[in-house]
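If you read the protein sequences in the order shown, they are chains A and B.
For what it's worth, my numbering labels the leading residue of the first sequence as 545, then goes sequentially.
For what it's worth, my numbering labels the leading residue of the second sequence as 936, then goes sequentially.
A short write-up of the structure that comes next.
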Amino acid sequence: MTGTGLLLAAALRRDRLTVVLWVLAIAGLWAAGVGGVGAALDESARRGLVALLAAQPALLLVRGAPAGVGLGAVVFVSTFAFLAMMTAFMMTFFAVRHARGDEDAGRAELVRGTAVGRWAPLVSTLLAGAIELLVVSGATFAASVALGLPAAGSLLLAAALAGVGVTAMLVGLIAGQVFPTSRAANGAASVVVGAWFFVRGIGDALGEPSADLTRVVSAWPSWASPIGWGTLAHPFADEPWSPDGTPLLLFVAAAVVLGAIVVALEARRELGRSLVPERPGRASGSALLGWRPAGWPVGLTGRLLLGAGIAWALVGIVLGVMAGRVVPLIATGLDDNPALRAFIEQLGAEGGGDTEATFITALAGMLGVIACAGAMQAVLRLRHEEQAHGELVLATPVQRSGWLGSHLLLGALIGVGTLAAFTVATGASLAASDAARWGQVVAIAGTHLPLVAIYLAVAAALVAFLPSTVTWLGWVLLIGLMLVGEFAPLLGDAWAWIERASPFHWVANPLADDPDWTGSWWLVAIAAGLLAAAVLRFRHRDALV
Amino acid sequence: MADTVVETPVIRTTGLDKRFGRVRALAGLDLVVEQGDVHGFLGPNGAGKSTAIRVLLGMLRATGGEARVLGMDPWRDAVAIHRRVAYVPGDVTLWPGLTGGEAIDTITRLRGHRAPAADRARLIRAFDLDPRRRSKTYSKGNRQKVALIAAFASEADLYILDEPTSGLDPLMESVFQAEVRRVADRGATVLLSSHILSEVERLCSRVSIIRDGAVVEAGTLDELRHLQHTVIAYRGVAPVGVPIADLVVDGDRVLGSVAAEDVPAVLRWLGEHDARGVTLTQPSLEELFLRHYGDATRVDRARAERAIGERRTRGRRSR
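What follows is the structure in C-alpha cells.
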C-alpha cells in the first residue's frame, strides 16, 4: 500500500476540473429541475403531469415510474434516470481513465517503477472515486435541502446516486481489466450503463398504474437495474406510499460482489495485460487495408471503425427487438384497463398516433441520440488518428479531404446503419406488423437522419477548427443539447430560447397528420454548410503531427 | 527515375521560414539535396529538423521562403510528391489493433509503390521482426522496424528518414546501413536526419548541419573537415614562427591546432626541431557538430582528450 496517499492526491488533483463540471451537470440539473418545476407547476398541474406520465408507457420508459404528485416526487421522476445515468458515466469514465487509460499511456509503468505498493494504484483509484462521488452526491443533497425538499428524501436521492456511482466505478474497473484498450473498456462499460437505463425503462413502462394515476408500481425488470433500485427507493413518495431505503441495500450487495471480482482479477493480472488474450494475427494485410479510391483511405478507416460500427448496429438491433417485444405487452395491458385506454386514446389523438407508435417514437428518439453518438465518434476519431498516425498516413498519397471524407463516410454509414438496424429489428419483431406499421417505423427512424447529418458536421468542424478541444466539446454538444430538449419544458418559458437552439427541437413529428419537414431541411442545410467549411479548413491547416 | 534531369536537386529550399505563433522553428533554411545523394541532416534537439521534414512532406505549410521537392511544391502537390516518397517518422505510432505485418502492408499499399513480395519477406527476416504480433505489444525498436521495413519495401525515388535508428540495437543498425546503401545504389536519394555521427560518417556523401532553424554548414565531409583545423600534439620545443594556434605548452608537451593549408610547413618545422611523438588528428564529425552547437569548451575538451589522452585531461578538468 506504500504510496497510496501520494497517488490519491495526484488523482484528485488531476480530476479537479472534471469534478466541478460533473457537479454542475448533476447537482445543477437537479437544482434547476426543483426550481423550475416549483415555479412553473402548482399542485393541480403536477397532478396532470403525473397522470400523463402514468398513462403513457413511452414516458414511463424515458423518465420513470411516478410515486406521488409532490414537488420532490415530480422532479425525481422527471430527472432521476438521467441523473443516475450521468453519475454512472462519470464513474465508468473515471475508472477507465485511471486504470486502463494509465496503462495504455504508459504512465502506470512509470508509477509502478517507483516506491509504490502493488495495491496502491487500485486502492488510491477506489478512494479517489469515492471522494469524487461524495462531492457530487453531497452537492446534490445540499442543493436539494437548500431548495426546501425533505432532508430524508434528499439523503435517499444522494445515496441512490452514490450507489449507482460505486457500482458503475466497479463495472468500469472490471471493463478495464477485461479489455485491452481504454476505448474498448469505455465502450463495454457504456453498454452496461445503457442497459441499466433501458432495463429499468422496460420495467417502468410495463408497470401497473394506480386508479387515480398518481403512482405506478414498476414491473420486475426495474429490480434488475441499479438505476431501478434508486427509483424504487421512492425518496419523495407521498401517502399512501412512503420513502423506503431498503432497495438501496442491493447496492451494498452489488458492491461486495463486483469488488471481489475486481480484487480477484487484479491479484492475477500483470501490468498492461487483459483477460481478452492477445492472439497472433495475420502476418500480412489484405489489399483492402490499403484501398484508397481517389485518395480516400476507406480501407484503413473502415478497418479501424469496424468494431465500433458492429457494436452500434447491435445496439440498434437490441433496442429494435425490445420495441417489437414490449409494444404488444403494453397493448395487452391497456386492454385490461378500459378507463386508461380511453384516456390514452384521447392523448394519442392530440399527439397524432396510437400508444404503440408513440412508444416506438420515444425509443427511436433515444436511438437517434445513439446513432448521432456513433456517427460523431467515427469522425472525432480522426483527431486521434491525425495525432497518432498522421505522420504515416499523410506521407502517403492520401488526400487530406479524402481522409476526413473517409471518416465522414464511415460515420454516416454507422449512423444510418444503427437507425436501419433498429427499424428492421422493430418492424420484423412486431408480431402484427402490416405494411402501414412498417411505413410508420421507417418514417419514425427517418426523422432522425438530419440529426445524424448535423452531428457528423459538428464533429468534422471540431476536428478541423478546434482540434485541441475536440472530444469533450462534441459530447457536451450532443448530450447537453439532448438534455436541454428533455428538460427545458420543465424549466419554464425563460428557457424556451435554449430549447430552440437545440437541433433536437427541430426534428419533425412523423406521427402528425401533416408532418412539417421545414426544420429537417434547415438542419440538412446547416450541416452541409458546416461540412463545407470543415473540409476547407482541414485541407488548409497544418497537420497536427 | 533515370530520366530525371540531374541538374535539378531533389530537394531545394530557399529562405524557408516556419513560425508557430511567436516561435520561429525555421529561420531561412537553405537546404539542397542532390539527386542520388545520401544526405546527412544533423542538428541538436529542437534545431528544426523534424519541422523542416514536415514542411517538405506538406504536413506543415511554410510561412515564408520556397521549397521544392522532386521539382514540385510540397504544400500544393503533396499527393504527387508522396507517390514517389517513403518516409520514416522519428516517433512511430502504429495502429494498436493491427499486426506488424498488416501495418507494413497498409503503409506500402497506401503509398502505392510496393516492392516485390520477396523484398518484403527478406526485410522482415533481416530486421528479425515477428509480423504476426499486434502493434500494441511492440517495443519502440520494433515499431521503428515496422516503419523501416515499410519504407525499404517501397520503391521510392526519395527516402526521408527522421532519426530512424534511435531505437535499434547495433545489429539492426548494420542491417539498416546495408538497406540505405542498397536503395542508394539503385539511384534513389536519401535524406537522413540523425544523431548518430558514426552512422552519418559511414553512409552520407554530403551533410547539412542545422541550428536554430537555419543551415550553418553544408558540404561533403571532406569539405567540412577542410574548414576545420587539424589538432597537433608533440613533445619538444615550443613553436616559434610557425602558424600553430590555440597553443598549450606543458613542460615539453605541446598541443595546438593548425589550418589545413599550413600542415606541410608545420611538419617541416617539426622535423627540423626534433619533435617527438607527433600526432595529427583530423577533426571528427563530432567536433564539427559540437563546433556548430556553439559549445566551444566542449569542443576543445573533446579534441584535447583525443590528442593527449586521459591523464592530462583529468588534470585539466580538476583545474
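Where a beta carbon is used, it is the ideal one built from N, C-alpha and C, also for glycine.
Between V761(A) and S1074(B), the alpha-carbon positions lie close to 58 Å from each other. The beta carbon of G829(A) falls within 8 Å of a beta carbon belonging to chain B, placing the residue at that interface. Residue pairing by DSSP places Y999(A) opposite no residue, since no beta bridge is assigned to it. With a 10 Å radius around the Cβ and a threshold of 16 neighbouring Cβ atoms, L1182(B) comes out exposed.
According to DSSP, T636(A) shares a beta bridge with no other residue. Below the 7 Å Cβ cutoff, chain A contributes S828, G829, L833, G834 as neighbours of D1040(B), in chain order.
For R954(B), no Cβ of chain A is located within less than 8 Å of the residue's own Cβ. Note on E930(A): 16 or more other CB atoms within 10 angstroms of its CB, so buried under the neighbour-count rule. If you look at V1184(B), you'll find it in the beta strand (DSSP E) that goes 1180-1185. When the alpha-carbon of S1101(B) is set against those of P944(B), S1129(B), G1036(B), the nearest one is in S1129(B).
In this chain, A1002(B) is not harboured by any alpha helix (DSSP H); it is covered by the beta strand (DSSP E) spanning 999-1004. By the neighbour-count definition (other C-beta atoms within 10 Å, threshold 16), V796(A) is an exposed residue.
Shown here for A575(A): same chain residues with a beta carbon closer than 6 Å to its own, the five before and five after excluded, namely A687 in chain order. Not a single CB atom of chain A sits nearer than 8 Å to the CB of L951(B).
With respect to L1017(A), L1010(A) sits close: the two C-beta atoms are nearer than 8 Å.
In this chain, the alpha helix (DSSP H) harbouring A1015(B) covers 1013-1017. The alpha carbon of R656(A) has as its nearest neighbour, out of P665(A), A649(A), P1054(A), the alpha carbon of P665(A). Identification of chain B residues near Q943(A) by a Cβ-Cβ cut-off of 7 Å yields V1014, ordered along the chain. Annotated three-state conformation of G834(A) is helix, per DSSP. Any Cβ of chain B closer than 8 Å to the Cβ of E814(A) would place that residue at the interface, and such an atom is absent. Under the three-state reduction of DSSP output, H1049(A) falls in the helix class. Counting C-beta pairs closer than 8 Å gives three or more between the region 695-703 of chain A and the region 776-789 of chain A, which meets the contact rule. The Cβ atoms of F624(A) and T845(A) lie no closer than 8 Å to each other. For G1036(B), the neighbours in chain A by C-beta distance under 9 Å run, in chain order, G825, R826, A827, S828, G829.
Straight-line spacing of the CA atoms in T1155(B) and E1090(B) works out to 26 Å. Cα atoms of S622(A) and P770(A): separation of roughly 17 Å, rounded to the nearest angstrom. As computed with DSSP, H1084(A) is found in no beta bridge at all. Listed in chain order, the non-local C-beta contacts of A706(A) below 6 Å within the same chain comprise L677, S681, local neighbours out to five positions each way being set aside. Close CB contacts of A838(A) within its chain, under the 8 Å cut and outside five residues either way in sequence, are with Q943, G946 (chain order). Listed along chain A is no residue with a C-beta nearer than 9 Å to that of Y1094(B); the closest approach is about 11 Å.
Look at the region 978-1005 of chain B: the residues with a C-beta under 7 Å from a C-beta of chain A are R989, L992, M994, L995, R996.
According to DSSP, residue pairing for V958(B) in a beta bridge involves F955(B). Around L556(A), the same chain offers A672 as residues with beta carbons nearer than 6 Å, after the five sequence neighbours per side are excluded. When only Cα atoms are considered, G825(A) and T1034(B) end up about 6 Å apart.
Looking at the backbone, the Cα of P872(A) and that of I1042(B) are separated by about 53 Å. Nearest in C-alpha terms to R1069(B), of all of A1053(B), I1039(B), L1093(B), is I1039(B).
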